[in-house]
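So the sequence lines, in the order shown, correspond to chains W and E. Counting from 3, one number per residue, gives the positions in the first sequence under the numbering used here. Counting from 5, one number per residue, gives the positions in the second sequence under the numbering used here. Here is the structure we will look at, set down as structure tokens.
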Amino acid sequence: AQSVAQPEDQVNVAEGNPLTVKCTYSVSGNPYLFWYVQYPNRGLQFLLKYITGDNLVKGSYGFEAEFNKSQTSFHLKKPSALVSDSALYFCALSNDMRFGAGTRLTVKP
Amino acid sequence: GAGVSQSPSNKVTEKGKDVELRCDPISGHTALYWYRQSLGQGLEFLIYFQGNSAPDKSGLPSDRFSAERTGGSVSTLTIQRTQQEDSAVYLCASSLGVGLDTEAFFGQGTRLTVV
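Next comes the structure, spelled out in structure tokens:
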């Protein structure tokens, strides 16, 4: 079965530190992978996607994600976290847009 | 319209009543998805449509839930005999097509409260 998994329910980082939100996938063939963010009391917004080519994908708000085929991962990263990055993050596989369980990121001042 | 539109934005209903939630996707988007999100929790996948067809209905929580899409556009999610555990935000999204390399766009959701 094709699926994505987010192994961490919660990630806490201090402002200014790098952050990583993990996502792994299981799919036959080449995946299209996405990251979305949900800020408090707001809808889901698209952050970035991997289709093909460069394994490092850059997206909105300074986020990037690294596609690793051998580890079947697509981790979301940011070099320096902001308090305003605190939100719920979801990765998704495009075959039918099923999402991971979500990771709540909290950035503390 | 420019984005995915859901109506109503809020719905309060009495236990046992039927409710209909509506989703109007972005024009030209053939794929449409329904999700349920309990307060601050993850996205529970309910169903998707490619055109008017829903290949997999196994995500619907019970036989009280049904969904349809007509004309490849508007979709309705119907919940019969609502229960308190149905209270949640119901989100709709659309994309150019299932399995493509394009992202989905989300509506603002319908907040359903069953009292």
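Cβ coordinates follow ideal geometry from the N, Cα and C atoms, glycine included.
Chain E within 8 Å of residue i, Cβ atoms only
i: K60(W); result: no
i: F69(W); result: no
i: Y91(W); result: no
i: F65(W); result: no
i: A103(W); result: yes
i: F76(W); result: no
i: G45(W); result: yes
i: K51(W); result: yes
Environment of residue i [buried if 16+ CB atoms lie within 10 Å]
i: G113(E); result: buried
i: D90(E); result: buried
i: Q8(W); result: buried
i: D56(W); result: exposed
i: A58(E); result: buried
i: Y41(W); result: exposed
i: S72(W); result: exposed
i: V39(W); result: buried
i: Y94(E); result: buried
Backbone secondary structure at residue i - three-state DSSP
i: Q4(W); result: coil
i: D87(W); result: helix
i: Y63(W); result: helix
i: D28(E); result: strand
Beta carbon proximity, residue i to chain C, threshold 8 Å
i: F53(E); result: The chain labelled as chain C is not found among the protein chains of the depicted structure, namely W and E.
Within-8 Å CB hit, residue i to chain W
i: A97(E); result: yes
i: L116(E); result: no
i: Y37(E); result: yes
i: G111(E); result: yes
i: G46(E); result: yes
Chain-ordered chain E contacts of residue i [CB-CB under 9 Å]
i: E36(W); result: Note that residue 36(W) is Phe in the sequence shown, not Glu. Per Cβ cutoff of 9 Å: E107, A108.
Proximal residues of chain W, C-beta to C-beta of residue i below 8 Å
i: L103(E); result: It should be noted that the sequence gives Gly, not Leu, for residue 103(E). Y34, S96, N97, D98, listed in chain order.
Within chain W, the residues that residue i reaches when beta carbons sit closer than 9 Å
i: F49(E); result: D98, M99, R100, F101
Give, in chain order, every unbroken run of the beta strand (DSSP E) that is at least 3 residues long and sits entirely within the region 57–97 of chain E.
-> The region 57–97 of chain E contains, as complete beta strand (DSSP E) runs of 3+ residues, the segments 69–73, 79–83 (chain order).
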